[in-house]
Amino acid sequence: MSEATPRITAPYLETFSHQTVRILGKVVQLRGEQATVDAGGQIAVLLNRDSHLTLNHAVEIVGKVQNDLSVKVLASTDFGTNIDFAAVEAVVDATHRYKEIFYGDDS
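Taking this note's numbering, I'd label the letters of the sequence shown as residues 2 to 108.
Printed below as a string of structure tokens:
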């Protein structure tokens with residue numbers, strides 16, 4: 002992907018509306034073609050046919066933030082169950098504190 006994909010958590014969704022982002026969170030609910038991921042808050046995720054999420058697993062979502070702040074999945078990666086979510090939130094915080102390094106200042 003040549004497009005910048007800032008790493009975000011739920012509190013950043015509104016800031017990145019209509020943009021492609023990366024989210025690492027825990028799958029807390031699966032309902033057909035939708036899921037709920039906990040990433041510093043709950044995020045509704047609209048799955049594609051290549052999405053194979055597992056309940057209670059960590060997942061990285063690359064997706065586009067929609068008008069209703071749900072995220073339409075473009076790609077997903079299962080990271081299993083051994084993830085330090087406090088470290089993930091620290092990385093997200095650092096990327097936004099120093100955004101000119103990670104994704105530019107025009108977002």
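Here a beta-carbon is modelled for each residue, glycine too, at the ideal position from N, C-alpha and C. Predicted model only: the values in this text are computed from it and were never measured.
Tell me the rounded alpha-carbon separation between residue i and residue j.
i, j, result
"P7", "R23", "6 Å"
"M2", "L25", "Its pLDDT being 46, under 50, M2 is placed unreliably in this model, and the value from its coordinates should be taken loosely. Near 17 Å, if we compare the C-alpha coordinates of L25 and M2."
"F17", "L48", "19 Å"
"I9", "R50", "23 Å"
"Q43", "A11", "7 Å"
"E83", "A59", "Reading off the sequence, residue 83 comes out as Asn, not Glu. For N83 and A59, the distance between alpha carbons rounds to 8 Å."
"I102", "D94", "13 Å"
Am I right that residue i and residue j are in contact with their C-beta atoms under 8 Å? What's the rounded C-beta distance?
i, j, result
"A45", "T37", "6 Å"
Based on the DSSP output, what are the partners of residue i in its beta bridges?
i, result
"E61", "L25 and T78"
"T46", "According to the sequence displayed, residue 46 carries Val and not Thr. Paired residue(s): A36 and V72."
"I9", "I24"
Exposed or buried, what is residue i when buried is set at 16 or more other beta-carbons lying within 10 Å of its beta-carbon?
i, result
"G33", "exposed"
"A40", "buried"
"V89", "buried"
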